[in-house]
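First residue of the sequence shown? That's 16 in our numbering, and the numbers climb one at a time after it.
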Amino acid sequence: MSRSAFEDTLVQHGLELKRDETTTLQINVGLACNLACRHCHLEAGPIRTELMNEETVEAVIDCAGRFNFTAIDITGGAPELLPHLPQMVVRLAPLTSRLIIRTNLTALELPESAALPALYRDHRVVIVASLPAVNAAQAESQRGGGTWETSINALRRLNEFGYGSEGSGLELDLVSNPTGAFLPAGQAQLERRFHQDLQRRYGIAFTNLYTFANVPLGRFRSWLEQSGNLDGYLKKLAGGFNPCTFSGLMCRSQISVDWNGFLYDCDFNLAAGLHHSGHKLHISDLTRLPLPGTLIPVGDHCYSCTAGSGFT
Numbered sequence: 016m017s018r019s020a021f022e023d024t025l026v027q028h029g030l031e032l033k034r035d036e037t038t039t040l041q042i043n044v045g046l047a048c049n050l051a052c053r054h055c056h057l058e059a060g061p062i063r064t065e066l067m068n069e070e071t072v073e074a075v076i077d078c079a080g081r082f083n084f085t086a087i088d089i090t091g092g093a094p095e096l097l098p099h100l101p102q103m104v105v106r107l108a109p110l111t112s113r114l115i116i117r118t119n120l121t122a123l124e125l126p127e128s129a130a131l132p133a134l135y136r137d138h139r140v141v142i143v144a145s146l147p148a149v150n151a152a153q154a155e156s157q158r159g160g161g162t163w164e165t166s167i168n169a170l171r172r173l174n175e176f177g178y179g180s181e182g183s184g185l186e187l188d189l190v191s192n193p194t195g196a197f198l199p200a201g202q203a204q205l206e207r208r209f210h211q212d213l214q215r216r217y218g219i220a221f222t223n224l225y226t227f228a229n230v231p232l233g234r235f236r237s238w239l240e241q242s243g244n245l246d247g248y249l250k251k252l253a254g255g256f257n258p259c260t261f262s263g264l265m266c267r268s269q270i271s272v273d274w275n276g277f278l279y280d281c282d283f284n285l286a287a288g289l290h291h292s293g294h295k296l297h298i299s300d301l302t303r304l305p306l307p308g309t310l311i312p313v314g315d316h317c318y319s320c321t322a323g324s325g326f327t
């Protein structure tokens, strides 16, 4: 197998991407989602049926009980579409000091999600919500018509439960991704704009904003290819390579499990099919956490996490 351009870049800088101490368990519960966002690195969507079954849920909870994870991070697809999600929240929350759930916001407005905000509040869940932009047209160009108003309604409801309110201790973080083949704007400047615009126009409060580059995998890669932007975008990412991002890369401190129970170093390697340790290992067979110094499989998508300020 030929070496990727990212591996060549590491060699040029005298670097190797190796694991540090594992502190985070990331759980991808499946590809079923109520949206088909253009920037999705997994090609999740309404026609996908992949969801974690109860046996795998039990294996994940058992793993969380065997090891001491500082954070447990639940993602998808849309985690809200997993029938076992409430059970996971109740049983995982006591096992970690930081239980995180990632949401596209619109899934929180589905009828079957009505009880989730109260459940999240009661178990002090950290909510990380995707909101591509504070401009409705830009956001809907990435996520589809009608998603803006639904997202705003979800944020208002989370605020009503105390999320994002100063002093509540209920953390509501937003994630913004560019709406095209661009690198993200400066995080501090964009966070100020989000705070000002959402508060002024909608009375919405949140805790932090994070800006990340879109990862050239899945549906976003297909769009890049179809629009003739792939080569240019990869060059932008490679040109922004910053070795200073290495210390905070999430793949160095987390283990990621997919809906079938197999392990990866991060959700992007999951999308790329790059298994942890280079071969299939099921979470039920994990007898010890990965050792610091273990090499992490890499590909050209890794430029997304090492460009500019990085993806931590």
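We treat Cβ as the ideally placed atom computed from N, Cα and C, and that holds for glycine.
Since the structure is predicted, the reported quantities are computational estimates derived from the model, not experimental observations.
Inset, instruction - Would you tell me roughly how many angstroms separate the C-alpha atoms of T327 and S319, rounded to the nearest one? - result: Working through the sequence shown from its first residue, we reach residue 327 at position 312. Working through the sequence shown from its first residue, we reach residue 319 at position 304. Residue placement at T327 is flagged as unreliable, the pLDDT there being 48, under the threshold of 50; the coordinate-derived value follows with that caveat. One C-alpha to the other measures close to 11 Å.
Legend entry - Cα-Cα separation, L57 to V44: As a working mapping, residue 57 is identified with position 42 in the sequence shown. As a working mapping, residue 44 is identified with position 29 in the sequence shown. Spanning the two alpha carbons is a distance of roughly 12 Å.
Inset, instruction - Could you name the residues that DSSP lists as bridge partners for I116? - result: By one-based count along the sequence shown, residue 116 stands at place 101. The secondary-structure analysis by DSSP pairs I116 across a beta bridge with I89 and I142.
Inset, instruction - Please list the segments of the alpha helix (DSSP H) lying wholly inside the segment 162–234, counting only runs of 4 or more residues, in order along the chain. - result: DSSP runs (the alpha helix (DSSP H)) wholly in the segment 162–234: 162–175 and 202–217.
Inset, instruction - Kindly indicate which residue of F283, L198, C259 and A86 has the alpha-carbon position closest to the one of L232. - result: Within the sequence shown, numbered from 1, the residue matching residue 232 stands at position 217. The option with the nearest alpha carbon to L232 is F283.
Legend entry - Residue interval of the alpha helix (DSSP H) (run including T14): Any question about residue 14 goes unanswered here, given that the chain covers just 16 to 327.
Legend entry - Residues near D273 by beta carbon distance below 6 Å, same chain, minus five either side: Indexing the sequence shown from 1 puts residue 273 at position 258. N43 and L285.
Inset, instruction - Have a look at I311 and G218 and give me their C-alpha separation to the nearest angstrom. - result: Taking the sequence shown and counting its residues from 1, one reaches residue 311 at position 296. Taking the sequence shown and counting its residues from 1, one reaches residue 218 at position 203. Going by the C-alpha atoms only, they are around 43 Å apart.
Inset, instruction - Have a look at L224, E124 and E186 and flag the residue whose alpha-carbon is nearest the alpha-carbon of V140. - result: Numbered from its first residue, the sequence shown carries residue 140 at position 125. Nearest of L224, E124 and E186 to V140, Cα basis: E186.
Legend entry - Selection from H54, P94, D88 and R53 that minimises the alpha carbon distance to M67: Within the sequence shown, residue 67 is the residue found at index 52, counting from 1. When only C-alpha atoms are compared, the closest one is P94.
Legend entry - N43 in three-state terms, based on DSSP: Taking the first residue of the sequence shown as 1, we reach residue 43 at position 28. In this structure, N43 counts as strand in the three-state DSSP scheme.
Inset, instruction - Identify whether M16 lies in helix, strand or coil by the three-state DSSP scheme. - result: Reading the sequence shown from its first residue, position 1 is the one you call residue 16. Here the model assigns M16 a pLDDT of 49, short of 50, so the residue's position is not dependable and the matter cannot be decided.
Legend entry - Check whether A144 and T118 have beta carbons under 8 Å apart: On the sequence shown, residue 144 is found 129 positions in, with the first residue counted as 1. On the sequence shown, residue 118 is found 103 positions in, with the first residue counted as 1. Yes; because the gap between Cβ atoms is below 8 Å, this pair is in contact.
Legend entry - Secondary structure of G60, DSSP reduced to three states: For this step, residue 60 is matched to residue 45 along the sequence shown. G60 falls in the strand class under three-state DSSP.
Inset, instruction - Spell out a yes or no on whether the segment 294–301 and the segment 242–249 are touching, meaning 3 or more CB-CB pairs, one atom from each, closer than 8 Å. - result: Result no; under three Cβ-Cβ pairs closer than 8 Å.
Inset, instruction - Indicate the three-state DSSP secondary structure (helix, strand or coil) for S271 in the structure shown. - result: On the sequence shown, residue 271 is found 256 positions in, with the first residue counted as 1. Looking at S271 - three-state DSSP - the assignment turns out to be strand.
Inset, instruction - Please check the pair L125 and N174, which I expect to be a contact at CB under 8 Å, by giving their CB distance rounded to whole angstroms. - result: Start at 1 with the first residue of the sequence shown, and residue 125 comes out as number 110. Start at 1 with the first residue of the sequence shown, and residue 174 comes out as number 159. Going by Cβ atoms, the distance from L125 to N174 rounds to 19 Å, so no, they are not a contact pair.
Legend entry - Reduced DSSP category for V313 - H, G, I as helix; E, B as strand; rest coil: The residue you call residue 313 lines up with position 298 of the sequence shown. Correct three-state label for V313: coil.
Legend entry - Cβ contact check for the segment 76–96 and the segment 153–167: 3 or more pairs under 8 Å: Two segments are said to touch when three or more pairs of C-beta atoms, one from each, lie closer than 8 Å; by this definition the segment 76–96 does not touch the segment 153–167.
Inset, instruction - Flag this pair as yes or no: are the beta carbons of S271 and Q41 separated by less than 8 Å? - result: If you number the sequence shown from 1, residue 271 lands on position 256. If you number the sequence shown from 1, residue 41 lands on position 26. Result yes, Cβ atoms of S271 and Q41 sit closer than 8 Å.
Inset, instruction - Within the same chain, show all residues whose beta-carbon is closer than 6 Å to that of A51, passing over the 5 residues directly before and after it, in chain order. - result: To locate residue 51, count along the sequence shown from 1; it is residue 36. Here the set comprises G60.
Inset, instruction - Alpha carbon to alpha carbon, how far is S268 from D35? Give it in angstroms, no decimals. - result: Here the question's residue 35 lines up with position 20 in the sequence shown. Here the question's residue 268 lines up with position 253 in the sequence shown. Per the coordinates, the alpha-carbon of D35 lies some 6 Å from the alpha-carbon of S268.
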